[in-house]
Structure formats: C-alpha cells, structure tokens
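If you count the sequence shown from 1, position 177 lands on 361 in the working numbering, and the numbers rise without skipping. All C-beta atoms in this analysis are idealised placements derived from N, C-alpha and C, irrespective of residue type, glycine included. A quick write-up on the structure given underneath.
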Amino acid sequence: MVKLMGLCLTAGVLLAAMVFPFVGGLGLASNRAADTVDQTSGDLAKGELPLVTTIQDRNGEPIAYLYDQYRIPLESKDIADTMKGAILAIEDKRFFEHQGVDWQGIARAAAKAGVDGGATQGASTLTQQYVKNYMAFVLGADNEQEAWEKATEATIGRKMREARVALQLEQQMSKEEILTGYLNIVPLGNQTYGVGAAAKAYFNTTADKLTVSQAALLAAIANRPSSLNPGASPEKALERRNIVIDKMRENGAFGADETEAKKKAEEYKAEPLGIVEDLQILPKGCVGAGDGPIYGFFCSYLLDYLREAGITNKELQRGGLTIKTTLDQKATKAAKESAEQQVPKTQNGIANVMSVVEPGTDKHRVRALVASRDFGNKAELGQVARPVPAEVLPFGPGSVNKIFTAAAALERNLTGIDKTIDVPDVYFSRVYPNGGAPWKVQNSGKYADKMSLTQALATSPNTGFIILQEKAGLNNVVDMAYRLGMRETLQGVNRGGEPLNSDKSNGPSQGDWTKQNNAGSYTLGPGATSVLELANVAATIVSKGTWCPPTPVEQVLDRYGKAIPLKEKPCEEAINPDLAASLAQGMSHDTTGNGTAATAASASGWNRPTIGKTGTTEEHKSVAFLAATPQFAGAVMTYADGNNPQVICASPIRLCPGSSQGVFGGQVAAPTWFNAMKVIHEGLPVAPLPPAAARYK
185 MVKLMGLCLT AGVLLAAMVF PFVGGLGLAS NRAADTVDQT SGDLAKGELP
235 LVTTIQDRNG EPIAYLYDQY RIPLESKDIA DTMKGAILAI EDKRFFEHQG
285 VDWQGIARAA AKAGVDGGAT QGASTLTQQY VKNYMAFVLG ADNEQEAWEK
335 ATEATIGRKM REARVALQLE QQMSKEEILT GYLNIVPLGN QTYGVGAAAK
385 AYFNTTADKL TVSQAALLAA IANRPSSLNP GASPEKALER RNIVIDKMRE
435 NGAFGADETE AKKKAEEYKA EPLGIVEDLQ ILPKGCVGAG DGPIYGFFCS
485 YLLDYLREAG ITNKELQRGG LTIKTTLDQK ATKAAKESAE QQVPKTQNGI
535 ANVMSVVEPG TDKHRVRALV ASRDFGNKAE LGQVARPVPA EVLPFGPGSV
585 NKIFTAAAAL ERNLTGIDKT IDVPDVYFSR VYPNGGAPWK VQNSGKYADK
635 MSLTQALATS PNTGFIILQE KAGLNNVVDM AYRLGMRETL QGVNRGGEPL
685 NSDKSNGPSQ GDWTKQNNAG SYTLGPGATS VLELANVAAT IVSKGTWCPP
735 TPVEQVLDRY GKAIPLKEKP CEEAINPDLA ASLAQGMSHD TTGNGTAATA
785 ASASGWNRPT IGKTGTTEEH KSVAFLAATP QFAGAVMTYA DGNNPQVICA
835 SPIRLCPGSS QGVFGGQVAA PTWFNAMKVI HEGLPVAPLP PAAARYK
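See below:
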C-alpha cells in the first residue's frame with residue numbers, strides 16, 4: 185500500500201512539475217526553470233560539442249592537436265546501422281516509440297524514491313542520457329568529475345530537470361538527430377568521446393564500418409567506460425559485449441528466424457574483443473605531436489601568442505579550431521639539425537637556440553623556432569618544455585647590441601657608414617662613471633686607431649661603440665633597440681629577465697633600469713635577451729625599416745570555417761627606409777673579409793649578400809649571431825643553461841670554468857646560422873641588399 189501510494193503521489197507531482205507551471209511565488213521559479221530548459225534544449229539542438237583543434241604548418245599539414253575530449257563528429261549516414269542497433273538494444277529499445285520520457289519507468293523510480301528516502305534509479309531513455317551527457321561533458325567542461333556527479337545525482341530534482349529537457353528536445357529534433365547526437369557525445373573511455381573517435385582508437389576503423397561485435401563492445405562500455413575498459417578489464421568488457429549481442433538478437437537485429445538469429449549471435453559472441461594493441465589515440469598538445477621534440481617550441485610560442493591575441497584556452501581546447509600557422513617544416517628541420525650539430529642535445533650545461541623569421545612589410549612570419557635541446561618534459565634527457573627560442577633568456581647577446589648604437593648615431597647624422605670613428609685601445613668614459621671614477625673600456629684584440637663604421641660593425645671594437653653611444657645618447661640607443669624589435673626584452677622583463685608582474689612590483693623593466701642607472705655597458709650586450717626578437721630586428725632592417733610582430737599564425741578558423749579576428753599589433757615604420765638600407769649596407773661586411781663571422785661563412789660555402797653581427801658576453805657564458813638576407817632573417821644564441829652557468833669553450837663545445845679561452849660569436853652561433861640558412865635558401869635566387877642613401881654614407 186505504501187509503495188502504491190508513493191507511486192501515485194510522486195508520479196502525479198512529477199507530471200505536474202514537468203508540464204504545468206506553479207502559481208504564486210513558485211511560479212517565478214518555475215518560469216526560470218522553463219527558461220533553463222529552453223536554453224539547454226536549444227543548445228543541444230545546435231549540437232556544438234567540444235571538438236579537437238588542429239594546428240597546421242604553412243602548407244596545411246597537421247603538426248599538433250589540442251583537445252579536452254577526443255571526438256570525431258559524425259552525421260547519421262557516417263554511423264553504421266550495427267552501431268545504432270547495438271546502442272538501442274542495450275539502452276533504449278523503445279526509443280522510437282516514446283516522446284523522450286519513459287513514464288512507467290520514471291514513475292517506478294519515483295515511487296522507490298518515496299520509499300527509500302530520495303534516491304532514484306534507472307528509467308532513463310536515450311534522450312535523457314543525451315541530456316545527462318550534455319550536462320556533464322559540455323556544460324560541465326570546467327570540472328567534468330563534479331559535473332558528472334551532479335548530472336547523475338540520485339534525486340527526483342535531477343530526474344525532473346533531465347526529463348523536462350528531454351521532452352523539449354524531442355519537439356526540436358528528430359529521433360535520428362537525437363540518436364546521432366548521443367552517439368557523438370557519449371564517453372567511451374581512453375580519452376575518447378563519441379563512436380567516431382572510439383572506432384578509430386579501439387579498432388583503427390571508421391564508424392560506418394563497425395562490425396556487429398565491434399559495435400556491441402562500444403555499446404557495452406557506453407557511460408561505463410571506467411569499469412568496462414576493454415584494455416584494463418577485458419573479461420568484464422567481453423561479458424557485457426555479449427549481453428549487448430543477445431539484446432540485439434532479441435530486438436530482431438539478426439533476422440526473424442530465431443534459429444538463424446541465435447546461430448549468428450553465438451558466432452558474434454565467439455569473436456575476440458579485437459581491439460588494436462596500440463590504441464589509436466590522437467596525440468595531444470605540443471609535446472604529444474609526432475615531431476613534438478622539434479615543433480614543440482614553435483607550438484608553445486604559438487599558444488602564448490594566440491592567448492595574447494584573444495583566443496581563450498577554452499576555445500583552444502574545445503573549439504574545434506583550425507589554426508593555420510607560419511611554420512616551415514623544411515626551415516625548422518634544417519635549423520634543428522644545425523643547432524644539434526654544433527651543440528649535442530644532451531650536452532651538459534649548454535644550449536643552442538635559433539629563430540628564423542621571414543621579412544616583409546605586411547607581416548614578419550616566424551618560420552622556425554628550434555633548440556639543440558628537444559622539446560619535452562623529460563629533463564633527464566635534456567628536454568625543456570618552454571619556448572626558449574622565443575622567450576627572454578637571462579643571457580646577453582654581447583656586441584649584437586652595437587647595431588642599435590650604430591642605428592641611433594646614423595639617425596642623428598653623427599656619423600655615416602663610410603665615415604671613420606675613433607677606436608682607441610683603451611677608453612675612459614666620464615659619461616658612464618664606475619663608482620665615481622671614469623669607466624675603463626678595452627678592446628678584445630688589436631684594432632686600427634680609426635676605422636669606418638662599416639668596418640667597426642664587422643670587427644666589433646668596444647671602445648669605438650662606447651664613444652658612439654655617448655654621442656648618440658644611451659636613452660636614444662635603448663629606444664632604437666625597442667623600435668627595431670627588442671620590445672619584450674626591454675619592457676616585458678626586469679633586469680634579471682623575469683617577466684614583469686601586472687603591477688610591475690618586480691620592476692623596473694630592463695629598458696627603464698638601463699636608462700635610470702645610466703648603464704653604458706648596454707651597447708656591449710650583457711643583459712637578458714630574446715633570440716626571436718633578435719631575429720625580428722634583422723627582419724625589420726631588411727624590410728625597409730618596417731617592424732611587425734613576429735607572428736606564428738596566418739589564420740584561425742572556427743569549427744564552421746569562419747575566420748576569427750585576432751588582436752595583433754599592427755606593423756609600423758621603426759626607421760625610415762633610407763636609414764634601414766644604409767644600416768644594412770653598414771652591416772654587410774661581417775660575413776666577408778676580416779669580419780667576425782667570415783670564417784664561419786666561408787666554411788659553409790655561403791656566398792649571398794648578408795647583414796650580420798656577432799656578439800660575445802664578457803664572461804663568455806653566451807654568444808650570439810644575428811643575420812639576414814632579403815629573404816630570411818635569423819638569430820642564434822649559444823648559452824650556458826645549467827644551474828651554475830660557466831665559461832663556454834669551443835672545439836669541442838664544453839663548459840670550461842675559469843678558462844681565458846672562451847667561445848666567441850663567430851664560433852658555434854655563426855656556423856649554426858650559416859649551415860641552417862644554406863638549406864633554407866636552397867632554390868632561391870641570390871637577392872642583393874638595397875643601396876645605402878647618400879645622407880647616411
């Protein structure tokens with residue numbers, strides 16, 4: 185009697201709650217609930233499920249995938265009838281008869297709730313399961329576990345919400361659409377969602393080719409992927425699969441002849457699970473891609489860039505975007521091979537990184553970001569999971585910074601590329617005092633007392649550029665560096681190379697500190713630097729003085745193929761074209777004659793007009809080389825990346841604490857650039873540098 189009363193009472197209340205709005209104060213709550221139902225059913229009808237984002241190289245080849253849920257969305261025609269029959273047999277054999285809710289089953293569950301104190305069990309139709317999965321895996325994306333528990337909580341309230349949405353949904357979608365939607369959303373274990381991904385993962389096939397036994401296995405583990413994982417619990421999965429096959433037989437899936445149907449069922453049940461030995465799960469993230477150790481640095485920079493450009497993590501992981509990047513596989517592999525040739529990937533305490541940018545007046549496209557280290561999480565193998573070729577490193581580029589001093593002096597007509605500058609062996613600077621006394625600056629090696637600015641850029645005397653910086657003004661030199669491309673390096677990090685906090689509490693920025701402290705050593709390049717920004721400086725110079733952000737992306741398309749606008753900084757004229765052309769000519773002798781990179785250029789067989797500048801820090805703990813042709817710009821830095829950086833020596837490359845024979849920019853860094861760029865330039869015509877303007881000669 186108690187059960188009967190509970191059945192009548194709860195079934196009546198449930199029906200009223202789902203169909204009729206309450207009156208009075210409860211009416212508002214009911215209306216709000218109705219609005220929620222409308223919204224949820226409307227979203228379900230759109231079918232916008234979490235999808236895989238694909239990252240492509242410049243030619244459209246996939247290089248990485250991003251996702252929270254591995255899903256291959258399918259239309260009804262792409263799903264085998266065996267799969268549809270299997271899921272209906274085990275989950276909802278009356279699917280095509282009801283209108284979204286099994287009234288008898290839900291009333292029984294409600295009656296049980298009245299007796300047992302609130303818990304409900306079973307009675308969910310496939311439509312309700314579609315709703316439940318949507319609540320958990322779409323609406324509950326931020327915390328799937330919590331959302332799943334809420335979506336499956338054993339209460340009347342949850343059943344009511346679920347049923348109301350199911351009823352509404354059946355008025356908006358056809359049965360075939362609902363069935364397809366369910367088969368696209370259901371979790372099937374091992375990171376797979378939907379039968380498209382599961383068919384690929386478990387059987388390396390497509391959903392339209394699923395056999396009876398394969399479809400039955402997927403139907404068996406639907407919504408119970410953990411306990412029925414065919415890899416971890418094959419016996420349980422097999423048992424459940426065979427139950428599904430029996431249910432399919434009972435539903436007439438194997439024909440009307442009972443004897444023949446039983447025979448077929450036994451044959452299907454005798455088949456092994458048949459899952460592939462290595463599950464075909466789509467690689468995930470920058471590390472997981474097939475060439476992740478090579479492409480991971482670019483991928484990591486790309487994701488940082490896209491976030492800054494307005495693409496959220498949720499969009500990246502769930503939006504099903506197609507990200508067309510600027511990555512050039514040929515350039516990347518050539519740069520990687522060259523970087524490793526100079527510094528082995530497992531070399532203790534030393535790393536070699538290279539960035540390649542294609543110049544242009546509309547975009548500066550990043551073509552390669554590599555390191556001698558592999559990209560990855562295994563530190564014991566020398567791997568690193570940061571975009572080191574793009575981020576600001578706590579090491580200096582050395583005399584590469586003399587470019588900025590030369591550019592600032594040229595802009596102010598203090599000299600010309602053919603005019604001579606003073607190059608004393610020793611210079612005492614009173615502009616940049618050292619503890620109240622004049623700062624003593626010396627050259628590394630012997631130089632003529634006077635030489636042209638072009639020859640000074642090629643041979644790199646320290647004293648001449650300190651004098652030139654005094655004349656041009658340190659602030660102007662720092663500003664020139666920023667204009668040409670050292671933007672994050674100067675304004676995004678502090679003196680130690682640490683990213684500035686939003687409130688700049690760990691500041692000032694490196695650029696501001698240099699100005700505030702009148703740090704005359706700036707032209708000698710002791711401070712933190714970004715190798716990508718160095719490459720972009722070279723790109724700016726050979727792009728007629730046009731600075732553009734070093735972009736790794738061509739276009740981002742949403743799941744429908746529509747372009748998503750990005751918040752990218754516009755290109756701008758950093759210096760006038762005449763100055764850029766003249767500076768390029770002034771930098772064109774580092775790779776020839778007695779230039780600091782000439783030996784490396786000759787050894788590689790390099791014969792193209794090139795701007796270039798080597799750099800070596802005072803303690804030989806880092807060296808760099810910046811160079812460009814009109815077709816490609818690039819920079820390399822070799823640095824001591826261990827916990828206790830020491831002097832680096834070459835031939836062979838090694839750490840050599842206390843040695844006075846440290847490595848120079850013309851060694852290791854320059855050969856890396858030339859050997860990589862020789863491959864990258866294959867098939868391209870030899871392009872001349874623009875002539876210098878008379879006013880800057």
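Short of 8 Å in beta carbon distance, which residues of its chain neighbour residue i, apart from the five on each side in sequence? Order them along the chain.
i             : result
arginine 433  : Ala445, Lys446, Lys448, Ala449
lysine 359    : Phe279, Phe280
threonine 390 : Asp262, Gly380, Ala383, Lys384
glutamate 259 : Thr364
lysine 881    : Gly600, Ile601, Asp602, Lys603, Ser766
glutamine 501 : Pro234, Thr237, Leu250, Tyr251, Asp252
glycine 209   : Because glycine 209 carries a pLDDT of 37, less than 50, the predicted location of this residue cannot be relied on, and no value is offered for it.
Please name the residue or residues paired with residue i in a DSSP beta bridge.
i                 : result
aspartate 696     : In the DSSP output, where bridge partners are listed per residue, aspartate 696 has none listed.
aspartate 606     : Lys634
alanine 347       : Alanine 347 is not bridged to any residue.
valine 568        : Phe559
serine 714        : Val576
valine 550        : Val541
threonine 730     : Glu757
alanine 621       : Asn618
tyrosine 611      : Val625
phenylalanine 809 : Thr798, Val820
isoleucine 427    : Note: isoleucine 427 sits in no beta bridge, so no partner.
glycine 503       : Leu235
isoleucine 833    : First, the amino acid is wrong: residue 833 is cysteine here, not isoleucine. Paired residue(s): Arg838.
isoleucine 534    : Ala824
asparagine 678    : Ser693
proline 246       : Gln240
lysine 586        : BP columns for lysine 586 are empty, so no partner.
valine 737        : Thr509
Return the Cβ separation of residue i and residue j in integer angstroms, given the expectation that the two are a contact with Cβ distance under 8 Å.
i              : j           : result
valine 541     : glycine 818 : 7 Å
tyrosine 492   : valine 576  : Inspection of the sequence shows that residue 492 is occupied by glutamate rather than by tyrosine. Not quite, the Cβ-Cβ distance comes to about 15 Å (not below 8 Å), so this is no contact.
valine 809     : alanine 781 : Sequence check: residue 809 is phenylalanine here, not valine. Contact flag correct, Cβ pair sits at about 6 Å.
valine 573     : alanine 555 : Checking the displayed sequence, the identity of residue 573 turns out to be proline instead of valine. Right, the Cβ-Cβ distance comes to about 6 Å (below 8 Å), so this counts as a contact.
glycine 770    : leucine 637 : 6 Å
asparagine 388 : valine 460  : 5 Å
threonine 735  : lysine 547  : 6 Å
glycine 533    : leucine 839 : 5 Å
In its own chain, which residues sit with a C-beta less than 7 Å from the C-beta of residue i, not counting the 5 before and 5 after it?
i            : result
valine 662   : Leu674, Gly695, Thr698, Lys699, Tyr706
glycine 494  : Leu750, Lys751
tyrosine 318 : Leu228, Ile369
alanine 569  : Val471, Phe559, Gly560, Asn561
alanine 656  : Thr589, Ala592, Ala593, Arg596, Leu598
alanine 784  : Gly850, Ala854, Pro855, Phe858
proline 761  : Lys728, Gly729
cysteine 192 : Because the pLDDT at cysteine 192 is just 47, under 50, the model does not fix this residue reliably, and the value given afterwards should be weighed accordingly. Contacts found: none.
Please classify residue i as buried or exposed, where buried requires at least 16 neighbouring CB atoms within 10 angstroms.
i              : result
asparagine 791 : exposed
isoleucine 651 : buried
arginine 879   : exposed
tyrosine 744   : exposed
glutamine 653  : buried
glycine 436    : exposed
asparagine 827 : exposed
glycine 313    : Looking at the sequence shown, residue 313 is not glycine but glutamine. Looking at its Cβ environment, which holds 16 or more other Cβ atoms inside 10 Å, glutamine 313 is buried.
proline 841    : exposed
asparagine 497 : exposed
serine 644     : buried
arginine 424   : buried
For residue i, collect the residues of the same chain with a Cβ closer than 6 Å to its Cβ; drop the 5 residues on either side in sequence, then sort them by chain order.
i              : result
valine 805     : The question names valine, but residue 805 in the sequence shown is lysine. Excluding sequence neighbours, lysine 805 sits near Ala824, Pro829.
aspartate 788  : Checking the sequence, you will find serine at residue 788 rather than aspartate. Around serine 788: Phe858, Asn859, Lys862.
glutamate 442  : none
isoleucine 274 : Ala403, Val428, Lys431
glycine 648    : Ile605, Val607, Ala640
serine 484     : Cys470, Pro571
threonine 800  : Gly582, Val807, Phe848, Gly849
glutamine 149  : Nothing about residue 149 can be reported from this structure: the residues present for the chain run from 185 to 881 only.
Under 8 Å: do the stretch 705–723 and the stretch 818–829 share three or more Cβ pairs, one atom per stretch? Touching, per the Cβ criterion.
Practice problem: State whether the stretch 394–403 contacts the stretch 451–464, with contact taken as three or more CB pairs (one from each stretch) at a distance under 8 Å. | Solution: Touching, yes.
Counting Cβ pairs closer than 8 Å, one from the stretch 681–688 and one from the stretch 625–632, do we hit at least three? By the criterion of at least three beta-carbon pairs nearer than 8 Å, the stretch 681–688 is not in contact with the stretch 625–632.
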